[in-house]
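So the sequences go chain by chain: U and V. Heads up: the first sequence runs through residues 1 to 441, numbered per my numbering. Heads up: the second sequence runs through residues 1001 to 1188, numbered per my numbering. Cβ coordinates follow ideal geometry from the N, Cα and C atoms, glycine included. Values in this document were obtained by computation on a predicted structure and should not be read as measured data. Heads up, the thing below is written out as structure tokens.
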Amino acid sequence: MHAPNGIDYRSLVDLEHGTVDRRIFFADDIYETELGRIFARAWNFMCHESQIPNPGDFFLNFIGEDSVIATRDRDGNLQVLLNTCRHRGNAVCRAELGHATSFMCTYHGWTYDLEGKLIGVPGYKNFYHEELKREEWGLVKAAKVESYKGFVFATMDPTAPPLDEYLGEVGRLGLSMVAAHGDVAVVDGIQKYRIGCNWKLAVDNLFDWYHVQVSHASSLAAGYIRRPPWTSMDHIVALGEYGHAIGGPRLTREMREELARQQSTTDSPYMDESWRDRPEAQAQLGAFGVESRGHPNIFPNLWIASSGTQLSLRLPRGPGSTEIWWFTILDRDMPPELRKSAIMRANHTFGPAGMLEQDDGENWDQSTRAARGMVGRRYPLNFSMNLGHGTIRHEPSGLAHIDTNISEHAQLWTYRAWTEWMAAEDWDTLRRNHSIPNGTV
Amino acid sequence: MAEADATAILPAMPLSNRDLAYRMQLQFLVEQFYYAEAAALDQRRYDDWLALFTDDVHYWMPVRRTRTSNELDQEFTAPGAVAYFDDTKAMLATRVRKLQTGYSWAEDPPSRTRHLITNVQILDEHDDGFDVISNFHVYRTRLNSEEDSWIGHREDVLRRHGASFLIANRKIFLEQTVLLARNLSNFF
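In structure tokens, the structure reads:
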């Protein structure tokens, strides 16, 4: 299926050879199509409910490059409103977060309530002769807003499937890895910074356990990260419909016990995994989830990181720029010392000054630059690790997974889904024409 | 209209119980200390830089947010919440060790930095030291064409150390909310 711009998206990812065409990392027309066919269509993560507990609390986020306000109306219902006045288009909310009783445009004073209804138009009587149909000029609202275990998502497409169906087993398990910690709430402070890379390279990296020993060699050598108990030869990758995936090492009970012993004998950052052994956590995660230390991605761009204590968004800012956001989210009832340690790990590991992440950006930046090369772009990127050796098995729950060593199955699955999203004209087509994980990949 | 009193907008002169010669001498010593610190960073003499901190230092850069004026008291995250730097001396030493491994890729090839320190104000004097604020402009270029610039201010607690000082506490406040550089692989 060719898109309006004549591109056969499915040809850009070669599943037989495990290669990805570099055009998808810089071409303007492909990027524009992504904003429409992926971000304006997908369920996008907005915030956690703990960030906006009361009516009028708001948190600004993005759907693609469109600014949206996530808030609660007077009845406490979640609302997601497009942050642009219907008169001249100015933003009606300029703070990143806060509390409001209404949203007034600072240009001419059109004012909207917490449900987005236009409730104030200066000169309504004298200038508009009371003929302006205010009920038709409210803020554009998300087509659907839903919350799963406190995680608020919104889609701009009224034909999108319900959130639960969209997430599927894999997406729900990813979010449960956070929720299973207990009564979780976002810690104050979202780290935000920009990298000069295509957003997909930042997403692809979250599944990448191959780069750690090289990209982050200096942090290992400096003694910041200890050698973990897991092994590169025993990984599990879960694949879900619409591009969700979880990739990373298996964490056995013995390894969890080993981590607990290390924790009690060192002052290294929080690496506690004992939360997985609580009965409530096991009930939420199931046997597969309890053993998965892998990184989930909710397609397109929400990474559940740090064993369910952090979330990261990779927000597109043009084909060559990505805004990285880090949320830290912890059990409110955590013992104070453990909580302090977990926040320290978050502050020291990821984000722009993170001992790990400060070395990532340049790699992705250079990958993005090189893709522009007139010659370089002729040569696809290689995602063939373990290709042809991944046998998909199904849990009784239906969850599809591969037992493997370190692999690039999750990355290739993400790009495969990307082609399907890009080729589909609408949600109905995508529903009919998307991959179901099966067989050998 | 009554003539405005120009001195009314100024805070009480710090260390006003001290004579001018003492204050000028102290100002000179603190500024020289900061220039030496900046030179150590710009010359990548990280061990020398680390030696300028007390063992119990807290080196901290909070997250800053765009807030409305009535919520500006919550512009920065509080200590204990999320921060960009939240370091003990041991953590700073780990960062320095990382930079010295020879494969700390964000700084290899090394960036070129220049730390400009200005507006140094000694606000208060304690038994063993001083509260000092200063402005900084950290300029960085990297590889062939990358350029980053950070402007902000620092709030330090300096402790007397022989004829010079040690930094016992440093708070760093950037004039950015979304950080526009790809990383913070350098110090402030």
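Taking 8 angstroms as the threshold (beta carbon to beta carbon), is residue i in contact with chain A?
| i | result |
| --- | --- |
| residue 1141 of chain V | Included in the structure are the protein chains U and V, with no chain A among them. |
Thinking residue i and residue j are a contact (beta carbons under 8 angstroms), I'd like their distance in whole angstroms, please.
| i | j | result |
| --- | --- | --- |
| residue 1037 of chain V | residue 1050 of chain V | The pair is not a contact, with the Cβ atoms about 11 angstroms apart (cut-off 8 angstroms). |
| residue 186 of chain U | residue 51 of chain U | 5 angstroms |
| residue 441 of chain U | residue 409 of chain U | 6 angstroms |
| residue 246 of chain U | residue 211 of chain U | In fact, because the Cβ distance is near 18 angstroms, the residues do not count as touching under 8 angstroms. |
Going by DSSP, what residue range makes up the beta strand (DSSP E) through residue i?
| i | result |
| --- | --- |
| residue 1061 of chain V | 1053 to 1062 |
| residue 305 of chain U | 302 to 305 |
| residue 327 of chain U | 322 to 331 |
| residue 1137 of chain V | 1129 to 1142 |
| residue 1045 of chain V | No beta strand (DSSP E) holds residue 1045 of chain V; DSSP gives it neither H nor E. |
| residue 184 of chain U | 184 to 186 |
| residue 1087 of chain V | 1083 to 1087 |
| residue 245 of chain U | 245 to 249 |
| residue 403 of chain U | 400 to 404 |
On the three-state DSSP scale, how would you describe residue i?
| i | result |
| --- | --- |
| residue 1015 of chain V | coil |
| residue 1153 of chain V | strand |
| residue 295 of chain U | strand |
| residue 47 of chain U | strand |
| residue 11 of chain U | helix |
| residue 1172 of chain V | strand |
| residue 225 of chain U | coil |
| residue 130 of chain U | coil |
| residue 379 of chain U | coil |
| residue 1158 of chain V | strand |
| residue 23 of chain U | helix |
| residue 1124 of chain V | strand |
| residue 456 of chain U | No information on residue 456 of chain U is available, as it lies outside the stretch 1 to 441 that chain U covers here. |
| residue 409 of chain U | helix |
| residue 140 of chain U | coil |
| residue 117 of chain U | coil |
| residue 66 of chain U | strand |
| residue 32 of chain U | helix |
| residue 205 of chain U | helix |
| residue 1094 of chain V | helix |
| residue 193 of chain U | strand |
| residue 1099 of chain V | helix |
| residue 92 of chain U | coil |
How many angstroms separate the CA atom of residue i from the CA atom of residue j?
| i | j | result |
| --- | --- | --- |
| residue 358 of chain U | residue 1118 of chain V | 28 angstroms |
| residue 258 of chain U | residue 270 of chain U | 13 angstroms |
| residue 1155 of chain V | residue 111 of chain U | 41 angstroms |
| residue 231 of chain U | residue 1116 of chain V | 47 angstroms |
| residue 1180 of chain V | residue 1041 of chain V | 21 angstroms |
| residue 206 of chain U | residue 1158 of chain V | 41 angstroms |
| residue 288 of chain U | residue 1124 of chain V | 59 angstroms |
| residue 1176 of chain V | residue 1022 of chain V | 36 angstroms |
| residue 1088 of chain V | residue 10 of chain U | 51 angstroms |
| residue 431 of chain U | residue 1108 of chain V | 47 angstroms |
| residue 1090 of chain V | residue 122 of chain U | 59 angstroms |
| residue 141 of chain U | residue 152 of chain U | 15 angstroms |
| residue 1162 of chain V | residue 337 of chain U | 36 angstroms |
| residue 340 of chain U | residue 1080 of chain V | 7 angstroms |
| residue 13 of chain U | residue 137 of chain U | 42 angstroms |
| residue 332 of chain U | residue 343 of chain U | 12 angstroms |
| residue 1173 of chain V | residue 1137 of chain V | 12 angstroms |
| residue 438 of chain U | residue 400 of chain U | 8 angstroms |
| residue 162 of chain U | residue 5 of chain U | 30 angstroms |
| residue 243 of chain U | residue 204 of chain U | 12 angstroms |
| residue 199 of chain U | residue 77 of chain U | 31 angstroms |
| residue 91 of chain U | residue 224 of chain U | 43 angstroms |
Quick one: give me the first and last residue of the alpha helix (DSSP H) that residue i is part of.
| i | result |
| --- | --- |
| residue 339 of chain U | 336 to 349 |
| residue 178 of chain U | 163 to 179 |
| residue 1066 of chain V | Here residue 1066 of chain V belongs to no alpha helix (DSSP H), and DSSP marks it neither H nor E. |
| residue 367 of chain U | 360 to 371 |
| residue 239 of chain U | Note, residue 239 of chain U: premise wrong, no alpha helix (DSSP H); beta strand (DSSP E) at 235 to 239. |
| residue 152 of chain U | Careful: residue 152 of chain U lies outside any alpha helix (DSSP H), inside the beta strand (DSSP E) at 151 to 155. |
| residue 214 of chain U | 212 to 215 |
| residue 430 of chain U | 427 to 432 |
*asked:* Please list, in chain order, the residues of the region 94 to 105 of chain U that have any C-beta partner in chain V closer than 8 angstroms.
replied: 94, 95, 96, 97, 98 and 99
*Name the residues in the region 166 to 195 of chain U whose C-beta lies less than 8 angstroms from a C-beta of chain V; which are they?*
187, 188, 189, 190, 191, 192, 193, 194 and 195
*chain V contacts from the region 351 to 363 of chain U (Cβ-Cβ distance under 9 angstroms)*: 351, 352, 353, 354, 355, 357, 358, 359, 360, 361, 362 and 363
*Anything in the region 332 to 352 of chain U with a Cβ closer than 8 angstroms to a Cβ of chain V? List those residues in chain order, please.*
Correct list: 340, 343, 344, 346, 347, 348, 351 and 352.
*Using Cβ-Cβ distances below 7 angstroms, what residues of the region 303 to 314 of chain U are close to chain V?*
none
_Which residues of the region 314 to 329 of chain U have a Cβ closer than 7 angstroms to any Cβ of chain V? Give them in chain order._
With the criterion set as a beta carbon lying under 7 angstroms from some beta carbon of chain V, the members of the region 314 to 329 of chain U are 323 and 328, in sequence order.
*In chain order, what residues of the region 110 to 123 of chain U put their CB closer than 7 angstroms to some CB of chain V?*
none
*asked:* What are the residues in the region 209 to 230 of chain U lying within 7 angstroms of chain V by C-beta distance?
replied: 215, 217, 218, 219, 221, 222, 223 and 224
*If you measure beta-carbon to beta-carbon, which residues of the region 1026 to 1059 of chain V are closer than 8 angstroms to chain U?*
none
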